[in-house]
Amino acid sequence: MMRRARYLTVVDFFERRYGDKMTVFASIAQLMTYFVWTAAQFVAAGTIVNALFPDVPVGIGVIMVAIWVTGYTMLGGMLADTLLDFIQMFFTAGGMALIFFFVQGAVGGWEGITSITSTLYNPNPFTLLPDMAGDAGYLGYFGASGWMYWGAAWMAIGLGSVPTQDLFQRSMSARNESTAVWGTYMAGALYLFFGIMSPLVGIMMFKLDPNLVNPDGVLVHAAIMYVPPILTALFMAALASALMSTSDSSLLAGASVVTQNLFPLFGQKLNPTNEVKWTRIMVLVNGIIGVMIALGAEVIYELGVVAWTLLLVGLFVPFAFGMYWKKANQWGGVASVVGGWGSWALLTWVTFRFGLGGDSTGSVCSGGDLSLLAAFSDEWWCGFWDAVYIASFPAFFISLLLMVVVSLATQKNDAPKPTTDVDGNVMDTNPFHYLGIINIKDALRKLRPEEYDD
Numbered sequence: 006m007m008r009r010a011r012y013l014t015v016v017d018f019f020e021r022r023y024g025d026k027m028t029v030f031a032s033i034a035q036l037m038t039y040f041v042w043t044a045a046q047f048v049a050a051g052t053i054v055n056a057l058f059p060d061v062p063v064g065i066g067v068i069m070v071a072i073w074v075t076g077y078t079m080l081g082g083m084l085a086d087t088l089l090d091f092i093q094m095f096f097t098a099g100g101m102a103l104i105f106f107f108v109q110g111a112v113g114g115w116e117g118i119t120s121i122t123s124t125l126y127n128p129n130p131f132t133l134l135p136d137m138a139g140d141a142g143y144l145g146y147f148g149a150s151g152w153m154y155w156g157a158a159w160m161a162i163g164l165g166s167v168p169t170q171d172l173f174q175r176s177m178s179a180r181n182e183s184t185a186v187w188g189t190y191m192a193g194a195l196y197l198f199f200g201i202m203s204p205l206v207g208i209m210m211f212k213l214d215p216n217l218v219n220p221d222g223v224l225v226h227a228a229i230m231y232v233p234p235i236l237t238a239l240f241m242a243a244l245a246s247a248l249m250s251t252s253d254s255s256l257l258a259g260a261s262v263v264t265q266n267l268f269p270l271f272g273q274k275l276n277p278t279n280e281v282k283w284t285r286i287m288v289l290v291n292g293i294i295g296v297m298i299a300l301g302a303e304v305i306y307e308l309g310v311v312a313w314t315l316l317l318v319g320l321f322v323p324f325a326f327g328m329y330w331k332k333a334n335q336w337g338g339v340a341s342v343v344g345g346w347g348s349w350a351l352l353t354w355v356t357f358r359f360g361l362g363g364d365s366t367g368s369v370c371s372g373g374d375l376s377l378l379a380a381f382s383d384e385w386w387c388g389f390w391d392a393v394y395i396a397s398f399p400a401f402f403i404s405l406l407l408m409v410v411v412s413l414a415t416q417k418n419d420a421p422k423p424t425t426d427v428d429g430n431v432m433d434t435n436p437f438h439y440l441g442i443i444n445i446k447d448a449l450r451k452l453r454p455e456e457y458d459d
C-alpha cells in the first residue's frame, strides 16, 4: 500500500495519516533508532578489527570502519547501498554456511549437536519456551518478569523492526511492485534459513568452549579456532560485509528522514541539488553521532535492543492502527508515542530498583548484594539492560491502550484523516483488496515505459 502511495520515507505515512505533530514524533523516533543501531554495527565491526589485530583497540576499529562506511555512503547514496548490499549478502550467506560447517565438524556432526543438553542460560537449548518450572527461568528471571522478558525478546525485533526506514526504502527501490513483494518473500525464507545457523553456532561453541569470555565475539572466536586461516579470512570478510550492509542502510535511512520530512515541515523546500547535498551532510552527522554512542557504550546486542524497542513502544502501534483502524487520529497517535516512551522509561527504573512481577533486575544481577550496584559497574549495567528489556513489554500495551482510548475520546475535536497518496488521493486501506500473492512473472519481465522513473 505504501508503495502504491509513492511515499519516499516511512514518516510520509505518519504525515499523511495523522498530521504534523506525528511527523515530528515519527522523525525523532526514526533518528534515535538509527543513531543507536548504527552505533551497534560500528561496535561489532570494531570488535572484528580488534580480533584480527589485537593491538588495535575496539575504539580505533570503530573509527576506522565508521570512516569507510560513512564515506562510501556519502558518495554513492542509495545506489551504492543497494549494489554493495547485493554483493555483501552473498559473502554473508557463504561465510555463515562456512563457519557452521566447520564448527559442526568440531562438535561431532549432527549427533554432537543433538547431544548438547545445556547452554549458559538454558538447560534445554532447543526449546523456544523458557524454563519457568525449573531452575533456569528465562535468563535468570522467573514468574511474570521472566515471561515479560521472554515476550519482549520476541517483540523487540519482531514488531519493532516493522515501521523502519531501511526496510521501507528497499521496497521502494525495487524495480516494480511484484519485485518488491517477491523479494520480501524470498528474503524472509533466506533470513530464516541462514538466521538459524548463527544461534546454532553459539550453542555448539558453548559445548566446545563453555568459558568463553566475550560472547559478543563468539563467531569471530569460532572462525579463528576451527576454520583454516585462508577460509577464516573469507569469513571475516563476510562478517564485515554484513555489518557494512546494515551500517550503510542505517546511515542513509536517518538522513532521508531529515531531508524528506523535517526540512519541508519547517518550511525548507529543497531542490534536487540541495536535497542531495543535505542528505550527504546528514549521513556524515549520523555517522559522527553513531561513533560517539559506540565509543561510549561498546556493547552490541544491548544497543540493538534499545534501537528496536524505541520503535516497538513508540511507533509500531500508531503505524499498525493507522493502517487498519479508521478511527485512529493524531491525538491518539501522539498519546501512544509519548505514553509508550514515558512508561518505558519509568518502568525501567521501577524494574531495576523494585522489580516488576518478580525480583528486581538489580538484585538478580548483583546476586542479592546491592552494594555491588555502583553506578556503571558491570552489575549495574547488567541490571539496567535487563530492566530496559522487561519494561518494554508492559510499555507496549500501554502504548496500545492509549491509542485506542485517546482516539475514541477525541473523535469530535480531531477527526481522523484518511490515508492519502502523495497527490492527496484517498487510498483503499481494506487489506482484503490489496493483499495477496502477485504473479512472480511480473518480477521477471521487462519494465514497461511508464514504469521507468523520469
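Letter by letter, the sequence shown follows residues 6 to 459 in our numbering.
Beta carbons: idealized from backbone N, C-alpha and C, even for Gly.
Classification of residue i by the beta-carbon crowding that lies within 10 angstroms, buried from 16 upward
| i | result |
| --- | --- |
| residue 425 | exposed |
| residue 171 | buried |
| residue 306 | exposed |
| residue 413 | exposed |
| residue 405 | buried |
| residue 23 | buried |
| residue 159 | exposed |
| residue 452 | exposed |
| residue 253 | buried |
| residue 332 | exposed |
| residue 14 | buried |
| residue 249 | buried |
| residue 427 | exposed |
| residue 435 | exposed |
| residue 163 | exposed |
| residue 108 | buried |
| residue 431 | exposed |
| residue 391 | buried |
| residue 21 | buried |
| residue 401 | buried |
| residue 298 | buried |
Straight-line Cα distance separating residue j from residue i
| i | j | result |
| --- | --- | --- |
| residue 222 | residue 52 | 7 Å |
| residue 224 | residue 238 | 13 Å |
| residue 340 | residue 417 | 16 Å |
| residue 274 | residue 292 | 24 Å |
| residue 373 | residue 398 | 24 Å |
| residue 460 | residue 119 | The displayed coordinates of the chain run from 6 to 459. Any statement about residue 460 would go beyond what the structure contains. |
| residue 67 | residue 423 | 45 Å |
| residue 111 | residue 122 | 17 Å |
| residue 207 | residue 165 | 24 Å |
| residue 185 | residue 450 | 14 Å |
| residue 386 | residue 216 | 21 Å |
| residue 106 | residue 279 | 49 Å |
| residue 308 | residue 95 | 26 Å |
| residue 180 | residue 173 | 14 Å |
| residue 356 | residue 134 | 22 Å |
| residue 74 | residue 241 | 16 Å |
| residue 61 | residue 9 | 49 Å |
| residue 251 | residue 43 | 8 Å |
| residue 196 | residue 97 | 11 Å |
| residue 154 | residue 143 | 7 Å |
| residue 219 | residue 29 | 39 Å |
8 Å Cβ cutoff met for residue i and residue j
| i | j | result |
| --- | --- | --- |
| residue 396 | residue 349 | yes |
| residue 145 | residue 409 | no |
| residue 128 | residue 141 | yes |
| residue 100 | residue 243 | yes |
| residue 321 | residue 168 | yes |
| residue 183 | residue 445 | yes |
| residue 260 | residue 287 | yes |
| residue 281 | residue 336 | no |
| residue 344 | residue 257 | no |
| residue 289 | residue 32 | no |
| residue 211 | residue 132 | no |
| residue 371 | residue 39 | no |
| residue 295 | residue 71 | yes |
Heavy atom of the ligand GTP within 7 Å of residue i beta-carbon
| i | result |
| --- | --- |
| residue 147 | The ligand GTP is absent from the structure shown, which contains no ligand whatsoever. |
Assumed close pair residue i, residue j - CB separation to whole angstroms, cut-off 8 Å
| i | j | result |
| --- | --- | --- |
| residue 524 | residue 363 | Nothing about residue 524 can be reported from this structure: the residues present for the chain run from 6 to 459 only. |
| residue 262 | residue 35 | 5 Å |
| residue 202 | residue 102 | 7 Å |
| residue 27 | residue 315 | No, residue 27 and residue 315 are not in contact; Cβ-Cβ is about 16 Å, not under 8 Å. |
| residue 63 | residue 303 | 6 Å |
| residue 7 | residue 19 | Going by Cβ atoms, the distance from residue 7 to residue 19 rounds to 11 Å, so no, they are not a contact pair. |
| residue 346 | residue 319 | 5 Å |
| residue 247 | residue 104 | That belief does not hold up - the Cβ atoms of residue 247 and residue 104 are roughly 12 Å apart, past 8 Å. |
| residue 361 | residue 150 | 6 Å |
Report the residue ranges of all alpha helix (DSSP H) runs contained in full by the stretch 165-214; include only those spanning at least 4 residues, in chain order.
170-178 and 182-213
List in chain order: all unbroken alpha helix (DSSP H) runs of 4+ residues lying wholly within the stretch 74-122.
114-119
Where in the stretch 288-357 do unbroken runs of the alpha helix (DSSP H), each at least 4 residues long, occur, reported from the N-terminal end onward?
306-317 and 321-329
Could you pull out every unbroken alpha helix (DSSP H) segment of at least 4 residues lying fully inside the stretch 390-448, listed in chain order?
436-439
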